[in-house]
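Just below is one structure, and these are the notes that go with it.
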Amino acid sequence: MNVKATIYFIGSILLFLVLGLIHVSQGQASGGFFAFWTEVWQDEQQMNFLLHSRMPRFVIGCLAGAALAVAGMLLQTMTKNPLASASTLGIHAGAYFFVVFFTIFFPGISGASPIVVTMAGGVLAALCVTFLVGKSLDPVRIALTGMIVTMLFSSFTSALQLLFQNEVSGLFLWGAGTLLQLDWGGVQFAAPWIIITLIVALLVSRRFDILLLGDETAIGLGQNITLSKLLGWVIAILLAAVTVTVVGPIGFVGIIAPHLVRLMGFRMHRTMILGNIVVGASLLIAADILVRIVSQTSELPVGAMTAIVGAPWLVYLALKMSSQTKAAGNALEGKVRITRYKLFYPILAVVTLLIIVLSLSFGGTSFTKLLELPQEIMYNSFVWEFRVPRVFVSFGVGMMMAISGMLMQAVLRNPLADASVLGITSGASVFAVLLIVVFPQAPFVFIPFGALLGALITMGIILAISARSGFQPMILLLMGIAFSAVGAAIIQILLVKANVHASQALTWLAGSTYGVDWGHFIIFIIVMLIVLPIVITFATTFDILTFGDGISIGLGVKTDRMRLLMIVIGVVLAAVSVSIVGTISFVGLLAPHIARQLVGPKLLRLLPLTLAVGGILLLSADFLGRFLLAPKEIPAGIIVSLIGAPYLLYLLKKTNSVKSK
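Start counting the sequence shown at 1; every next residue gets the next number (UniProt numbering).
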């Protein structure tokens, strides 16, 4: 270490000691920092609190912070991505899903071998990301792939939590990340794993230094790069898995700490590991201090605090990277596989009509005979007032989500983008859950307005921050990741604070068409009458914009204004959709891509098929949700996730394979 790095390292140790003294003095039974350290030596009760409650919490915080920081540093080295960490690459989400899954179906295995369960989940998520990314090491592509994999695992986790509420009721606080310890058991379990793994990382650190020189140079120096990368991945995943096992998934420490260490002047991995141990522990302890200051009477998840504090740091990194990368993505691709339009669209209309009739015919636990359906609609008030608008609204909202995703994908020039990737649906969800938890007696009609307000506020913040960069795709993407993390953190806090209403909140978050009426259908008609003429009018301009700024500007297109217009339209459509049915993510991702692979990327040709596919997807999901476990309903958002996950995994692999060539 040079002099500058040495000074910073000593300062970090001193700061860590101060934070440690503050941390262990906190507690409901403590009279304050100075009072605690004055009385603890004479008060046996205070000493017992210190030794058996506060010290285990402090030690596990140090171990977890150090493990997360070193894991993030190694993942950034392995992927050559400054935004990589266990949370952004889906490792935490995979480990969390496995814990929930095994807790429900194989509680014996989960209790006997927790590290095996979390390690398996983390490995599976990491393999998904590395397989889907392929040889590409583009930071934005890796970040997007990691986010999509996180969304997939999170969707399955939410489904299990909703369907098996009793079995997982005790996992809400742990699932948001908490340092709460009742004894030394957690420390005794985690300490050997983390300490031994960190020692191994120090011993093989020179291998990671050589990797920074590039694969060809490393091979020329006699390095087995496959073994080096395998060691790095195993160490990082093991550190993350042990941490998740004891304290739950805690994000952003693995992003912030390595960057701070590099800013301090550390360059070699051996010294960076030491620096990350100190800085990571300090960050997590500081976050826990803030959590206990904010809520002195109840336990809040520290993972939520790290997300709230870390998200602005991620935005800062995004803005810093924007000066080096002016644009990201390529022109959207698609093949014209359908040439007989006169035959195709009538067939599509018939299929759509059949799905609508089938959905209208099913109610409760039985089907209505086809010949009796008109009579049911005309004379059965329940069918007319509830089932018919539900079918029409489901189809209409699917259309809005599809066109929103189509515009977002054109803006980002990436077929894997939609409003959920930009964090818009997360902002809407925060306000919806806030109303559910804070005002549980409020009429349900107010929840859509809260969701719409949250989406619009989130959109305004994102646009204001990204305006200077010209609404560049990379900035929008990374801010979407940040806002999604903050939104998830706030929702976790709300659920933990008011667990009584968690079921209703989870139903909303999963996305459900239950409770829609003709008023929602009128909203859909009004929105589409305004939006569709605008999209059709600027269709040619939008097509040009997908080829990048250079070509667009050369053809006289005002890229910033057009991109802003597309973003606003897409976000408004997504906000209205969320306000009606909650958070359903995959329709906006899947529908435009399916249509693009059939009719090509030209917008005027793409638009009608995209609308039809989006409507069919959501209507089919709503029907299956009512039919599969009737009379119990599965939210449509969960069904969409189950339908879309295999196809989306295929899409991720295909897209990244093509781009890496």
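No residue lacks a Cβ here, since even glycine has one placed at the ideal position from N, Cα and C.
Going by beta-carbon coordinates alone, are residue i and residue j separated by less than 8 Å?
i, j, result
"L179", "D43", "no"
"L589", "D418", "yes"
"A636", "G511", "yes"
"G94", "L124", "yes"
"V261", "I13", "no"
"H23", "F58", "yes"
"I580", "V393", "yes"
"M401", "V571", "no"
"G122", "A201", "no"
"V100", "T157", "yes"
"P592", "M406", "yes"
"G72", "I255", "yes"
"F164", "T77", "no"
"A612", "V486", "no"
"T88", "A143", "yes"
"V253", "G65", "yes"
"G90", "V133", "no"
"L171", "T103", "yes"
"L198", "I210", "no"
"S641", "S155", "yes"
"T352", "S361", "no"
"D517", "P389", "yes"
"A236", "L74", "yes"
Which two residues bound the contiguous alpha helix (DSSP H) that contains residue i?
i, result
"I258", "A quick correction: the sequence has Pro, not Ile, at residue 258. Run containing P258: 253 to 263, per the alpha helix (DSSP H) assignment."
"E633", "E633 -> no alpha helix (DSSP H), and no H or E assigned at all."
"L529", "518 to 537"
"E167", "E167 -> no alpha helix (DSSP H), and no H or E assigned at all."
"A428", "424 to 438"
"W233", "225 to 247"
"L573", "559 to 581"
"A112", "107 to 112"
"R207", "205 to 211"
"W37", "33 to 39"
"G405", "388 to 412"
"T79", "55 to 79"
"E44", "44 to 49"
"M272", "269 to 294"
"Q8", "The residue you asked about is not Gln; residue 8 is Tyr in the sequence shown. 3 to 25 is the extent of the alpha helix (DSSP H) around Y8."
Beta-carbon within less than 6 Å of residue i's beta-carbon, same chain only, minus the 5 sequence neighbours each way: which residues are those?
i, result
"I490", "V430"
"W193", "V242"
"V421", "G480"
"A304", "A176, A489, Q492, I493"
"Q409", "P415, A417, P592"
"T245", "P114, I115, T118"
"T583", "T425, S429, L509, G511"
For residue i, which option in the options has the closest C-alpha, if you only look at C-alpha atoms?
i, options, result
"residue 678", "I523, M566, I553, F524", "Since the first residue shown for the chain is 1 and the last is 661, residue 678 is missing from the structure and cannot be characterised."
"G275", "A67, T610, F344", "A67"
"F542", "K558, M528, I530, L529", "K558"
"M272", "V388, A69, A143, L343", "A69"
"F247", "A191, G480, E385", "Note on identity: in this sequence residue 247 is Val, with Phe being the wrong assignment. It is A191 whose Cα lies nearest to the Cα of V247."
"R387", "G398, I403, S404, V357", "V357"
"L162", "I634, D560, Q45", "I634"
"D183", "S53, A349, M399, T583", "S53"
"W313", "I553, L19, M55, F483", "F483"
"A428", "K632, A120, S361, A455", "A455"
"S85", "C62, S228, F34, I250", "I250"
"F97", "G108, T150, I461, I523", "T150"
"F538", "L604, V18, L230, R626", "L604"
"T306", "P107, A286, G214", "A286"
"T513", "A574, Q46, D622", "D622"
"S404", "G222, A575, T79", "A575"
"G111", "F189, F382, Q223", "F189"
"V391", "F524, V294, E299", "F524"
To which residues does DSSP link residue i through a beta bridge?
i, result
"G220", "G220 pairs with nothing; no bridge assigned."
Apart from the five residues on each side of it in sequence, which residues of its chain come closer than 7 Å, Cβ to Cβ, to residue i?
i, result
"Q26", "I289, R292"
"G265", "N2, K4, A5, Y8"
"F16", "V278, A281, S282"
"S620", "I355"
"R270", "L202, S205"
"V500", "With a pLDDT of 48 at V500, under the threshold of 50, the predicted position of this residue should be treated as unreliable, though the coordinate-derived value follows. Correct list: empty, nothing qualifies."
Between which residues of its own chain and residue i is the CB-CB distance below 8 Å, once the five residues before and five after are set aside?
i, result
"G398", "V587, A591, G614, G615, I616, L617, L618, L619"
"I465", "V315, L319, I475, M479"
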